[in-house]
Amino acid sequence: MNTTPTLTEAAAARVSAIAQKQAKPAILRLSVEGGGCSGFQYKFDLAAAPEGDDAVSETAGVRLVVDPVSLDLVAGSTVDFVESLGGAAFRVENPQAAAGCGCGSSFGI
Numbered sequence: 001m002n003t004t005p006t007l008t009e010a011a012a013a014r015v016s017a018i019a020q021k022q023a024k025p026a027i028l029r030l031s032v033e034g035g036g037c038s039g040f041q042y043k044f045d046l047a048a049a050p051e052g053d054d055a056v057s058e059t060a061g062v063r064l065v066v067d068p069v070s071l072d073l074v075a076g077s078t079v080d081f082v083e084s085l086g087g088a089a090f091r092v093e094n095p096q097a098a099a100g101c102g103c104g105s106s107f108g109i
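Just so we're aligned, residue 1 is where the sequence shown starts under UniProt numbering, counting upward by one.
Encoded structure:
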């Protein structure tokens, strides 16, 4: 059932631009931490390389990596990059999230 999360084209383009500016590989790490207003919160970092047990997906040459513990909480998700009047941010569309919050960066199962 572990379906590796994927990036939208918009998210891949944004990761690529950020990685170029920082002279790093275009690898986005998505992880889940306890906390936030709904119980869990998403964390994004650029990674130097995937770890041995990471789930990896690729969109437009950009890789999304997720550790096994976080994968259970974000399986089947899509990571998008959204620009609006409120700002620009990565947003996770998580089919497993039973509850969310206004900030869009935390969720409950």
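Here a beta-carbon is modelled for each residue, glycine too, at the ideal position from N, C-alpha and C.
* Extent of the continuous alpha helix (DSSP H) to which Gln20 belongs -> In the sequence shown, counting from the first residue as 1, residue 20 sits at position 20. Segment Glu9 to Lys21, the alpha helix (DSSP H) holding Gln20.
* Report all residues from its chain with a CB closer than 6 Å to the CB of Glu33; omit the five preceding and five following residues, and keep chain order. => Taking the sequence shown and counting its residues from 1, the one referred to as residue 33 is at position 33. Spatial neighbours of Glu33 in its own chain (CB-CB distance under 6 Å, excluding positions within 5 residues in sequence) are listed in chain order as Gln41 and Lys43.
* **Complete runs of the beta strand (DSSP E) confined to the segment 24-63 [at least 3 residues]** => Within the segment 24-63, the complete beta strand (DSSP E) runs of at least 3 residues are 27-34, 40-46 and 55-59.
* Asked: Hey, quick one: how far does the beta strand (DSSP E) through Ser84 stretch, first residue to last?
  -> If you number the sequence shown from 1, residue 84 lands on position 84. For Ser84, the enclosing beta strand (DSSP E) covers residues Thr78 to Ser84.
* Distance between Glu93 and Val66 (C-alpha atoms, nearest Å) -> The residue labelled residue 66 in the question sits at position 66 within the sequence shown. The residue labelled residue 93 in the question sits at position 93 within the sequence shown. Rounded to whole angstroms, Val66 to Glu93 spans 15 Å at the Cα level.
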